[in-house]
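Everything on this sheet refers to the single structure shown next.
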């Protein structure tokens, strides 16, 4: 009887848990349309007004949204567009053209894409005909024919704007900005970029035609706000089906945000980066741990997630190496110390290793040279060591110049955590002179 | 165009020189012979004859009377002519002075001063008739319409006048003489008398044995390209001058501009139809006819709504048969010819009625407007499919439909059809043979649209889907009018707003204006190089100048001119400049290399009756190529004697000619330079106030602040206007709750800060702690090493130093 009861409750719980997972994961992954905006109300208003004027008055404009990665540029734009489409007058009056610098790698492709998205006349079944020159002339002609009061405004959104700058002659940008500055079809060009020096990349004629409206997004919140964002991102919305569970969950989140360890951990992350995406990533890991038997997030979950996300993959690889390989790495480390970062080759490493073996022969089996070579090549495969030049037919493998890609501290940390490490090896690592 | 180069035409003097001038080393002649190599025919044209002269555009040959012929010292053959103007050559704004409809056959005795009457003989195409008429007289209806022109009035560039009795009688006389000569022109050369006869026989033989060849001949007649002109002339003679020179127009239309898709489509459908029709042929004799017409229309680029396929094709085929019979049999059926003439006259009318009639029949067929035609072109593929499916029903209804759709014209067409049927079985066999060779039928089909297009009442160049003029859709709601004073101000301050006048550039304006004006009046060419940093009003001033000149030309203060503008930034490749210039000048669309050849020909040969061309080349530096041939050509043309080309080149850098141009290019550019200085703050202030036009939206001090700031930075007027616009926004935003106010200093300062402040400080301030530490570590490392270069590892060492 009681067993069934627990089963029932756990079943209901399971439903809740899957709901929670769904809601939160959606929030963390599609950070654009559903998520909330934090601390950029001013920029939001500016952009909204700008686009509203374009559609309502037919005023041409150009603007750049500049901010580091993860600062919510796309989210801002999507929010504005969402609000715009809710207005009837705007929805029917706006043509949108979305371009991305990663997809439209040159002007030819970009032009075709524009013509396709505008449904212009030389489009037959989604394919655009005509040469590059014809396409450009065609598009310019199309845009020239319109005027402010009668033509439908066109909104050009250029994602990864900095990549468009590298197109030949910046033809596309020149033409778009030129249209936005002349009495033709009303056009608004919005560029999204993470480069602060974007204006210096523009050609002088293009720069003159750009209206110099820049909307800067900087993650300008302090730690208190960061904690609030953490809380809001994790708490369930009001419309959650199971009310009591939502309350319990939200209360737990509140507790979490006041927990000292969690706060420390968040502070750490905050100092590391203010990018909200990394916070999302962390929370995602934490939320993934939630299941029926473990329905609420605990501080240890968050800590575990933080540990996972901050893990150093190279140090992890070192953990899995054999003692011989570790020894080789230590030898390389010493070579680095002695020669101040000069490249080395296998023979040098082998000599160093031999010296160590001769000193402490009792604890290490004296491997033959081919075996050591094999171990060395394994390190090469793991990319802990990298050749400086390409291996050529002439040069012997032993004498190829190499570079160690691990830092001294990484090596020492890894050794500390390495299970069953011989004491001699540890000593040797600590001081290259210990065997003397 | 290409074919023209292939068929060689030789111009040679007829007879001995009449007189010669020792001093000028010229010798005069009374006539010349045009020998076409391909068809081995000769035509003789003498003084006083009326001639067609190659125009800028192959579509529009000029009409002229030959007054004098001479050869100069350099063995160049020259002709002096009296021009006649076509109605299309008269400026549109003057046409209304005429107060009557002008038939396309009518020309005007040209007395406009300034047209070059000395032309190269090589530009003469053929002889025609020009018949003088009194003002009240109706144009007589004759059989060979395009062969003859009528002149009623003279045109002197300002007004139309009736012909003076003197000129009238002269023209009449010349006509009599000329007509006589042109008719008997063959008799001058005894060989020629025999040859046509022989050729006639030949053609008959050939037609019987080699149907393909005959078809080619017909094809050339249909297309009547300029290239096969000599051939055409030959066949004209054979067919008693049935064909017309105007039909020659459209060859370039179907060859170069057709999209490959259209061609492909056409062929596919053609094959489909071939199968279809072959099946029908066995059942119905009329099916063959339909086949011809269907291929004719479907093979063509999708220019025609398929809806009136049926109706139009009736005539096509009819005419087609007609010419067939003409060439093959030389049949003197005058009745046949008359009816075909009539049919042609009725064609337009008929098309329309048919298409309307058809609309009722097939619900999906669109109305015959240019717009719908384009739409139709897009949908051709689907329509054709439908067409095939409804083919059977059409067939069934055909007999019933035709009388109902066009009772009026049917009589003539039926007559024609009867004649066609009357025509001998020989022809029938030919047609069937043609059916069996789809290639030939396709060939003929390619050219038919030229004919059909000629009939359509579209002026100018016909539109294929490729050169369709596209348009951004209209907006659904009206754009809002500016409600407040700030919105109004913002509208006026937008860079795109066209001000009534351009303040602060009066001097530059006057300089450019004087330069172009003097060149226009002299009828010579020249270059001017205009430089200045962006946003100093170079392009705007030049446009203003052109606008003023155009107005002056309209008021007859200046000779009229053609204005062409290209922009280096709007070209994908420097060589595209040729294409754009040629397209803007003549409406032709050709490849870059070909355009260069055509343009060079246009500007280098003594062009008859050419207007001066004003060419504005914006962003000149982008026309730079390694060999600099684009720039070289551009600046070389104006130096040619007959080019009449004025170039205004615009670029940013003052020393561009010295920096990037080769010596020979820079030398041709000349020394007429002008540089636009950046605006001073007073000028910027004036620009803003003139734009605001005494609107009370800005504080006086605010304007001054903006202009001083911008003048100190760049002197870019665009920047100035943008800041003002942004300031109005800020002001509007700030005063949303309160009463509307004007833009004050604070708002302007905020706008300036927003636009000019460096983003770096703010970005660094908002970076995370570790990012800031890293930046500091880099600095410390730089200071330590003394080199502005460091590896990450070196920098990361600083993280271990407490409080570095």
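Residue numbers (UniProt numbering), protein chains in the order written: chain A, 1 to 436; chain V, 1 to 804. Using N, Cα and C, we set each Cβ at its ideal position, and we do this for glycine too.
Taking all protein chains shown into account, do 16 or more other C-beta atoms lie within 10 angstroms of the C-beta of residue 797/V, making it buried, or fewer, making it exposed? Here residue 797/V refers to the residue found at position 797 of the second chain. The residue in question, residue 797/V, is buried, as its Cβ has 16 or more Cβ neighbours within 10 Å.
* CA nearest to the CA of residue 776/V, picked from 799/V, 760/V, 540/V, 754/V -> Here residue 776/V refers to the residue found at position 776 when the second chain is read from its first residue. Of the listed residues, the one whose Cα sits closest to residue 776/V is 799/V.
Against chain V, does residue 194/A count as a neighbour if the rule is that its beta carbon must be under 7 Å from one of theirs? By one-based count along the first chain, residue 194/A stands at place 194. Judged by the 7 Å Cβ criterion, residue 194/A is not in contact with chain V.
Next item on the list: Can you tell me which of 724/V, 694/V, 692/V puts its alpha carbon nearest to the alpha carbon of residue 705/V?
Entry: Stepping through the second chain from its first residue, residue 705/V is reached at position 705. Per the Cα distances, 724/V.
Report task. Give the residues from the segment 344–364 of chain A that approach chain V closer than 9 Å (Cβ to any Cβ), ordered along the chain. Result -> none
Output needed for residue 648/V: all residues of its chain with C-beta closer than 6 Å, excluding positions within five of it in sequence on either side, in chain order.
Residue 648/V sits at position 648 when you count from the first residue of the second chain. Cβ neighbours of residue 648/V beyond the five flanking positions: 528, 542, 616.
Next on the checklist: Only counting the same chain, and skipping five residues up and downstream in sequence, which positions put a Cβ closer than 6 Å to that of residue 201/A?
Outcome noted: By 1-based counting over the first chain, the position of residue 201/A is 201. 165, listed in sequence order.
Hey, how far is the Cα of residue 65/V from the Cα of residue 82/V? Counted from its first residue, the second chain places residue 65/V at position 65. Counted from its first residue, the second chain places residue 82/V at position 82. Straight-line Cα distance between these residues: approximately 5 Å.
Practice item. Keeping to the same chain, check which residues put their C-beta closer than 8 Å to that of residue 773/V; ignore five residues upstream and five downstream. Key: For the purposes of this step, residue 773/V is taken as the residue at position 773 of the second chain. Only 799 meet the Cβ criterion.
*Cβ-based burial, residue 339/A [other Cβ within 10 Å; buried from 16]*: Counting from 1 along the first chain, the entry for residue 339/A is found at position 339. So residue 339/A ends up on the exposed side.
Worksheet item: When the cut-off is 7 Å and only beta carbons count, does residue 92/A lie next to chain V?
Response: Translated into positions along the first chain, residue 92/A becomes position 92. Closer than 7 Å: yes.
TODO: Compare the C-alpha of residue 348/A against each of 359/A, 360/A, 111/A, 369/A and name the closest.
DONE: For this step, residue 348/A is matched to residue 348 along the first chain. Checking every option, the nearest Cα to that of residue 348/A belongs to 369/A.
- Which of the three DSSP states, helix, strand or coil, is assigned to residue 181/A? For this step, residue 181/A is matched to residue 181 along the first chain. Coil at residue 181/A, not helix or strand.
Report the three-state DSSP secondary structure of residue 624/V (helix, strand or coil). Locating residue 624/V in the second chain gives position 624, counting from the first residue. Three-state DSSP puts residue 624/V in coil, outside helix and strand.
State yes or no: is the C-beta of residue 208/A within less than 7 Å of the C-beta of residue 534/V? Mapped onto the first chain, residue 208/A falls at position 208. Mapped onto the second chain, residue 534/V falls at position 534. Yes, these two residues count as a Cβ contact at 7 Å.
Within 7 Å of any Cβ in chain A, is that where the Cβ of residue 298/V sits? Against the second chain, residue 298/V aligns to sequence position 298. Per-residue confidence for residue 298/V stands at a pLDDT of 40, beneath the threshold of 50, marking its modelled position as unreliable; the derived number appears in the next sentence. So no, residue 298/V is outside the interface.
task: Out of 487/V, 521/V, 545/V, state which residue places its alpha-carbon closest to the alpha-carbon of residue 501/V.
output: Your numbering for residue 501/V matches position 501 in the second chain. Taking only the C-alpha atoms, the option nearest residue 501/V is 545/V.
Fill in: Range of the contiguous beta strand (DSSP E) that encloses residue 402/A
Mapped onto the first chain, residue 402/A falls at position 402. Run containing residue 402/A: 402–404, per the beta strand (DSSP E) assignment.
**Request:** Report the partner residues of residue 26/V according to the DSSP bridge assignment.
**Result:** In the second chain, residue 26/V corresponds to position 26, counting from 1. Partner(s): 21/V.
Short CB-CB distance (under 7 Å) between residue 226/A and chain V = Start at 1 with the first residue of the first chain, and residue 226/A comes out as number 226. Answer no: the Cβ-Cβ gap between residue 226/A and chain V never drops below 7 Å.
Taking 7 Å as the CB-CB limit, is residue 257/A close to chain V?
-> As a working mapping, residue 257/A is identified with position 257 in the first chain. Taking Cβ atoms only, chain V never reaches closer than 7 Å to residue 257/A, which makes this a no.
- Simplified DSSP state of residue 286/A, which is helix, strand or coil: The count along the first chain starts at 1 and reaches residue 286/A at position 286. It is helical.
*State the start and end residues of the unbroken beta strand (DSSP E) segment that holds residue 148/V.*
Position 148 of the second chain, counted from the first residue, corresponds to residue 148/V. That run of the beta strand (DSSP E) goes 148–155.
State the DSSP-derived secondary structure class of residue 381/A, mapped to helix, strand or coil.
In the first chain, counting from the first residue as 1, residue 381/A sits at position 381. In this structure, residue 381/A counts as helix in the three-state DSSP scheme.
| message | Run through chain V and tell me which residues come within less than 8 Å of residue 205/A, C-beta to C-beta. | response | As a working mapping, residue 205/A is identified with position 205 in the first chain. Neighbours of residue 205/A on chain V, chain order: 534, 569, 619, 652.
Short CB-CB distance (under 7 Å) between residue 89/A and chain V
Residue 89/A sits at position 89 when you count from the first residue of the first chain. It does: the Cβ of residue 89/A has a partner Cβ on chain V nearer than 7 Å.
When the distance is taken between beta carbons, is residue 674/V closer than 7 Å to residue 581/V? For the purposes of this step, residue 581/V is identified with residue 581 of the second chain, where counting begins at 1. For the purposes of this step, residue 674/V is identified with residue 674 of the second chain, where counting begins at 1. No, the pair does not count as a contact, with Cβ atoms beyond the cut-off.
(Q) Assuming residue 194/A is part of the alpha helix (DSSP H), what are its boundary residues? (A) In the first chain, the residue the question calls residue 194/A occupies position 194. No alpha helix (DSSP H) holds residue 194/A; DSSP gives it neither H nor E.
Within 10 angstroms of the Cβ of residue 85/V, are there 16 or more other Cβ atoms? Answer buried if so, exposed if not.
Taking the second chain and counting its residues from 1, one reaches residue 85/V at position 85. The residue in question, residue 85/V, is buried, as its Cβ has 16 or more Cβ neighbours within 10 Å.
Would you please verify whether the beta carbon of residue 151/A is less than 7 Å from any beta carbon of chain V? What you label residue 151/A is simply residue 151 of the first chain in a count that begins at 1. Cβ-Cβ to chain V under 7 Å: yes for residue 151/A.
- So, are the CB atoms of residue 609/V and residue 62/V less than 7 Å apart? What you label residue 609/V is simply residue 609 of the second chain in a count that begins at 1. What you label residue 62/V is simply residue 62 of the second chain in a count that begins at 1. Yes, the Cβ-Cβ distance between residue 609/V and residue 62/V is below 7 Å.
- Task: Please state whether DSSP places residue 300/A in a helix, a strand or coil.
- Result: As a first step, residue 300/A must be located in the first chain, where it is residue number 300. Correct three-state label for residue 300/A: helix.
Review point. Is residue 789/V buried or exposed, if buried means 16 or more other CB atoms sit within 10 Å of its CB?
Key: Translated into the one-based positions of the second chain, residue 789/V becomes position 789. The residue in question, residue 789/V, is exposed, as its Cβ has fewer than 16 Cβ neighbours within 10 Å.
### Query
Is the CB-CB distance between residue 429/A and residue 330/A below 7 Å?
Taking the first chain and counting its residues from 1, one reaches residue 429/A at position 429. Taking the first chain and counting its residues from 1, one reaches residue 330/A at position 330. It is a contact, given that the beta carbons lie within the stated cut-off.
| said: Rounding to the nearest angstrom, what Cα-Cα distance links residue 341/A and residue 219/A in this structure? | reply: Stepping through the first chain from its first residue, residue 341/A is reached at position 341. Stepping through the first chain from its first residue, residue 219/A is reached at position 219. Rounded to whole angstroms, residue 341/A to residue 219/A spans 38 Å at the Cα level.
**Report entry** Buried or exposed (CB count within 10 angstroms, at least 16 for buried), residue 222/A
**Finding:** Locating residue 222/A in the first chain gives position 222, where the first residue counts as 1. That one is exposed.
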